[in-house]
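In what follows, a structure is listed as structure tokens, so that the remarks can point back to it.
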Amino acid sequence: MYDTILVPTDGSDPANRAVEHALELADRYDADVHAMYCVETHRYGEPALSSAEIVLTRLEEQGAAMLEELGERADTQGIECTWNVCHGRPWEELLEKADDLDADLIVIGFQGQSHRRPGKIGSVAERVVRSADRPVLTA
């Protein structure tokens, strides 16, 4: 049913639930997982014009550390897991990566770090659900 599952993470509780669901589904269907973390460069301006370069570097390192840990967890469960850190608008990068991978399923947290309204879907998840041409599971 699923060969490739794409899961974005930002370290939020909903994203962590999405990761758990992605790993469970990958185990059940013997699928590969591709995890990604997106640094939202549009929020910090041009690195040459501000201290944004320091912030962006820290965000990249933080994202890579999360993804490495996720990869290690997947490995201990016998799940093939690749990952990448990207720059840009998360929903656009996610949909592009889904196309590149020909992912069968996107598993995404219903809210991220920047969205804390109980019961409301976050803007990234909403855009992915509305725009994806493949199944999307929100957690």
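Just so it is clear: in the sequence shown, position 94 is 94 by UniProt numbering, and no numbers are missing. Don't be surprised by glycine CBs; every beta carbon is placed ideally from N, CA and C. Note that the coordinates shown come from a computational prediction; the quantities given were computed from them, not determined experimentally.
Problem - ALA26 to SER51 span [Cα, whole Å] - result: 40 Å
Handout entry: Sequence-distant residues of its chain with Cβ nearer than 7 Å to THR41 (five each side left out)
Key = LEU56, HIS87, GLY88
Exercise for the section: Go to TYR29, then tell me how far its alpha helix (DSSP H) extends in each direction, as first and last residue. Expected result: 13-29
Practice task
Would you check if the distance between the CB atom of LEU67 and the CB atom of LEU6 is smaller than 9 Å?
Solution key: no
Problem - Terminal residues of the beta strand (DSSP E) in which ALA35 lies - result: 32-39
Exercise for the section: Can you grab the Cα-Cα spacing for the pair ASP13 / GLY112, in whole Å? Expected result: 8 Å
Exercise for the section: Tell me, to the nearest whole angstrom, how far the beta carbon of LEU137 is from that of HIS21; I am working on the premise that it is less than 8 Å. Expected result: 6 Å
Exercise for the section: Identify every run of the alpha helix (DSSP H) within the region 56-123, keeping only runs that are complete inside it and at least 4 residues long; order them along the chain. Expected result: 90-101
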